[in-house]
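Everything below concerns the one structure shown next.
Here it is as structure tokens:
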């Protein structure tokens, strides 16, 4: 492929364009599965062999997420400048090599150093850069492509968590990391190198445009919609992260047995995919603003069910199912509403700026929720705080969705 003309035509996305979408989507499935979702499965065997605590191990993941946050804007800017092939290929290779290094680790400081690099790989390979690539290469057809990508990527935990656990039980955690590293190296590195042929460089702005108006990010920063979206995405990320990492101890506090806990957790993945399928089936004529307003509003309502109704498996399961469905929808909205509200020009760097606080809060929220739990002695206060944050995020998104640029802006 030599440019976007071969990817789209008057009839929509071409066969070559769909080949790009499906291969990049499969690479997302593999990257999420090997680099992110597999992490929790290595905690117990590493605790057993190395004697490190859960706090030590999860701290490395938080450190990696912080690195991803700080690199979000530079990565987006590089993709806007047509360097997506180099960014995503190097990110895949770095992630793969760090998995191989992780397989040999025995020092906690080195483990943290490995996860700092994996965090950089997150910034260069996961949804945010992939969304920017599809937006840049497919023009006005970005929404169909992003929806398809998230539909495939939604199966990452379903595929890789059982597979990874089977490998750990069969060959041990260190050889399993070697397998995951080689898969990431061969498949993701190959897809990003061979499928992302050099794209045309973006056109320079006309010489009569003022210097301060040449930057899409600067223009976005002057709009109330940008700040509303930033608050919505940051609040949503914080609430979502706090809830998902405390679901198991919450259900344990409610004295649910292990089988019930596993059954309720198993609802999340399929419901995420179900939410995305609903968008594919019925969302063709709905804007990302409309879908996002719905998906963000149902989250605080689901929290009220969890807080106010009897804590039985039925109501907890219902709340978790709604959480999964809304989260699946919001992932698509996260990749498409920015273009609707702020335009496609400079999407990579604008999306990176919006991701920065969200990623930081996603890393810190579980620890903050744990602190609230310790201070209050239970999960009631935690759930009310999560509800409040979800409500603020929903209100901010409604503000962004209602925003219309003034003529001439």
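Residue numbers (the numbering used here): 694 to 1102.
Every residue, glycine too, gets a C-beta built ideally from N, C-alpha and C.
Since this is a predicted model, take the numbers as computed values, not measurements.
Range covered by the alpha helix (DSSP H) that runs through residue i
i            : result
residue 949  : Careful: residue 949 lies outside any alpha helix (DSSP H) and carries neither H nor E.
residue 877  : Careful: residue 877 lies outside any alpha helix (DSSP H) and carries neither H nor E.
residue 1077 : 1073–1095
residue 749  : 747–773
residue 1062 : 1040–1069
residue 999  : 981–1001
residue 841  : 835–846
residue 857  : 849–864
residue 1012 : 1006–1035
residue 776  : Here residue 776 belongs to no alpha helix (DSSP H), and DSSP marks it neither H nor E.
residue 808  : 801–818
residue 912  : 909–914
residue 975  : 961–975
residue 738  : 736–743
Bridge partners - residue i, DSSP secondary structure assignment
i           : result
residue 701 : 706
Same chain, Cβ closer than 7 Å to residue i, neighbours up to 5 away in sequence not counted
i           : result
residue 809 : 756, 757, 760
residue 701 : 707, 710, 831, 832, 834
residue 811 : 728, 757, 788, 791
residue 973 : 840, 844
Proximity below 8 Å, CB of residue i to CB of residue j
i            : j            : result
residue 953  : residue 985  : no
residue 882  : residue 727  : no
residue 1049 : residue 829  : no
residue 813  : residue 934  : no
residue 1021 : residue 964  : yes
residue 847  : residue 966  : yes
residue 724  : residue 792  : no
residue 918  : residue 1096 : yes
residue 1026 : residue 988  : yes
residue 1016 : residue 850  : no
residue 743  : residue 799  : yes
residue 753  : residue 1052 : no
residue 1092 : residue 928  : no
residue 1054 : residue 931  : yes
residue 842  : residue 827  : yes
Cβ shell of residue i (< 8 Å), same chain only, five flanking positions each side left out
i            : result
residue 1084 : 993
residue 739  : 745, 750, 866
residue 1009 : 944, 947, 949, 957, 999
residue 1031 : 922, 1040, 1043, 1044, 1047
residue 1100 : Since pLDDT at residue 1100 reaches only 43, below the 50 mark, its modelled position is unreliable, and the value read off the structure follows with that caveat. Closer than 8 Å at the Cβ level, and outside the excluded window around residue 1100, lies no residue.
residue 962  : 847, 848, 850, 851, 1017
Same chain, Cβ closer than 6 Å to residue i, neighbours up to 5 away in sequence not counted
i            : result
residue 1028 : 824, 839
residue 844  : 969
residue 796  : 867, 870, 871
residue 1089 : 921, 924, 925
residue 784  : 814, 817, 818
residue 888  : 713, 716
residue 1074 : 1065
residue 1056 : 755, 758, 759
residue 699  : 709
Cutoff 8 Å: residue i Cβ touching any chain C Cβ
i           : result
residue 880 : Among the chains in the structure shown there is no chain C, since it carries only a single protein chain.
Under 8 Å: do the region 765–776 and the region 1041–1056 share three or more Cβ pairs, one atom per stretch? yes
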